[in-house]
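In what follows, a structure is listed as structure tokens, so that the remarks can point back to it.
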Amino acid sequence: MSLRARLTLALTLLSALGLAVFGVATYSLYARSRYEQVDDQLRSSVTPVTITLFEQLGGEAAGFDVDGDGRTGGQPPSDLPGQDPGDPSRPDPQVVAPTGTYGELRDPDGAVLARVQLSEDFAQPDLDDDLELVAGETRIFETGSEDGGTRWRVFAGPVDGGSGRVTLVAVPLSDVEQSLHQLILIELAAGATLLALLAGGSWLVLRRGLHPLERMATTARTIRAGDLHQRVEPADGRSEVGELGLAINTMLGELEEAFAERDATERKLRQFLADASHELRTPLTSIQGFAELFRLGQERPAGADGEPAVDLPVILRRIEQESARMKTLVEDLLMLARLDETREIESAPVDLSVLAADACTDAVAAAPDRTVTLDAPDPVVVSGDRDQLRQAIANLVTNAVKHTPEGTALEVATRVEDGHGVVSVRDHGPGIAGEDQQRVFDRFWRADESRTGSGAGLGLSIVAAITGAHGGEASVENLPADEGGGARFTLRLPL
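Take a look at the structure:
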């Protein structure tokens, strides 16, 4: 069952329950009011009906033994008003009593002395012959008809205090029952009409209100097919549905960014594997070639002068060089892999000025023709991994030595700036082209796209990875010609 149908059904059921409670309450109050009205009419009918009964005893009902002494006829009690036919206050039972009113006058033994009925359209009420009353007691009760039809409301009370005679006055409840029956029919018809209108109106309102959710579902199916650029509507804070759309669009934006990052990562990984395979293949190919030369030299006899067919020391030295190159490449790859795992850095106080001095010393030892100057007047202490930071600074200096002309001077400096420890390495070489500055820290990237230059293109990638793992950043810029030109690499690490 759809949400719209469930909500419509729930609203209809709740409304039906409310209408039922209202109907029962209305019926009960109306029935109580009508019965109170009947009781009032019943009490007002007692006097005129009693007078009529006693008149029958004196005239038409002259055969009844009123006092039990053998005499027939009788007079109404002296305390009943309006006994005189000429009295203007004498009540007319035809006017005062409801249509169909029935009356009986009984002696103390329950025998009927007189009876009267104002309409022949009703059967007589079924009255108990053994009706007993306590002295001075009056009762109002209900009874049925002798034919089992109309219900009656009956008043029973003594006529006077001494004779023990009882007057029974009954009025039919047909009008009350008919009005209550009509009330039930009206309530049922009105309730059914209201429920039908409410159900139809709820269906239309919910259809209009839930239409945005249907559009969202359609958009979601499109997104499920792979189109992450789609967005749901409405997406605003003016309604609950709009807030839902806004949240979904935010989530879709984040998902789109996540998938884009995943795709970029996969592309980088594929490129990384291709580059790593290319870089490893070069030394492996060299080692294989030199190993074959070594084998051929062992198989071929020496020349006439006794010299071997191949220069074995040169071959072994080349195998050793290529193995060392491959070892360095593998170690660099392992370093990048560890840094990609975002492990927690084992931090300790590290003086960047000391590490910069060590890197300068190593550079001078490796390239005696270079002039390397160090500007580190004060300690610059940061928190980090000493070995990783040493490798990052050494890679910057080594990169400057490798990729600048021989004899090019280098300048290394350390300082504290804006809450960061800064290490800069400047050369006076040709600089880096503007379009290459954005890629210089990429893995396996080299300005020589033919990849025949020295190095695998991982040195600066390791610098950027180490700096990022320490919460810092690495950057490069070209200096203007009036400042001597060249490029300057800078590391910024939080203190």
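This note's numbering runs 62 ahead of the 1-based position in the sequence shown.
Yeah, the Cβ is synthetic: ideal placement off N, Cα and C, and Gly gets one too.
Could you pull the start and end residues of the beta strand (DSSP E) that residue i belongs to?
i	result
V502	That residue, V502, is in no beta strand (DSSP E); it is neither H nor E in DSSP.
V538	535 to 540
V485	482 to 489
V605	Any property of residue 605 remains undetermined from this structure, which presents the chain solely from 63 to 557.
I202	201 to 205
G162	Unbroken run through G162: none, as it is neither H nor E.
E473	472 to 479
G496	Note, G496: premise wrong, no beta strand (DSSP E); not H, not E.
Taking only three categories from DSSP, how would you classify residue i?
i	result
P441	coil
G547	coil
R94	helix
I407	coil
E393	helix
D413	strand
A218	strand
Q292	coil
Q186	coil
P556	strand
G263	helix
A287	coil
A176	strand
T344	helix
T433	coil
D325	helix
P375	helix
L256	helix
A274	Note that residue 274 is Pro in the sequence shown here, rather than Ala. P274 falls in the helix class under three-state DSSP.
G210	coil
E117	helix
P110	helix
L317	helix
Take residue i and list the residues in its own chain whose beta-carbon comes closer than 7 Å to its own, dropping the five residues that flank it on each side.
i	result
A338	L395
Q118	A176, V178
F352	I377, R380, I381
E239	R213
F184	G162, T212, P234
R501	W507
M63	none
E9	Limits of the chain in this structure are 63 at one end and 557 at the other, which puts residue 9 out of reach.
S77	L257, L260
G271	none
Which residue marks the beginning of the alpha helix (DSSP H) containing residue i, and which one marks its end?
i	result
P170	Element bounds for P170: n/a, residue is neither H nor E.
R452	448 to 464
V525	521 to 531
Excluding sequence positions up to five away, which residues of its chain have a Cβ less than 6 Å from the Cβ of residue i?
i	result
S397	Note that residue 397 is Met in the sequence shown here, rather than Ser. Once the five neighbours on either side are set aside, the close Cβ partners of M397 are I524.
Hey, is residue i close to the ligand ATP, as in C-beta under 8 Å from one of its heavy atoms?
i	result
L358	This structure does not include the ligand ATP; it has no bound ligands of any sort.
Can residue i and residue j be called in contact, C-beta distance under 9 Å?
i	j	result
Q179	T163	yes
T466	D437	no
V442	G483	yes
D169	R213	no
V216	L189	yes
I349	E384	yes
L308	L290	no
R293	T280	no
L73	L260	yes
G491	A536	no
E473	T529	no
V478	D440	yes
Y97	L245	no
L346	M388	yes
G81	E276	Going by the sequence as given, residue 81 is Leu instead of Gly. The answer is no: Cβ separation not under 9 Å.
V444	L557	yes
V538	F503	yes
L342	A527	no
For a cutoff of 9 Å on Cβ pairs, would you count residue i as touching chain C?
i	result
A279	Of the protein chains in the structure, only one exists, and it is not chain C.
Which same chain residues, not among the five before or five after residue i, have their C-beta less than 8 Å away from its C-beta?
i	result
I407	G446, D447, Q450, A531, H532
L520	L391, D394, L395, L398, R505, F506
W265	R66, T70
G219	V108, L195, E199, T200, R201, V228, T229
L193	R168, G172, A218, V228, L230
A419	L436, A438
L541	R488, G493, G547, G548, A549, R550
R283	none
### Task
Inspect the CB distances between the region 250 to 266 and the region 104 to 117 and report whether three or more fall short of 8 Å.
no
### Query
Would you say the region 92 to 107 touches the region 223 to 240, given that touching needs at least three Cβ pairs under 8 Å?
yes
### Message
Whether or not the region 543 to 557 and the region 455 to 462 are in contact is what I'm after, with contact meaning three or more pairs of Cβ atoms, one per stretch, closer than 8 Å; do they touch?
### Response
yes
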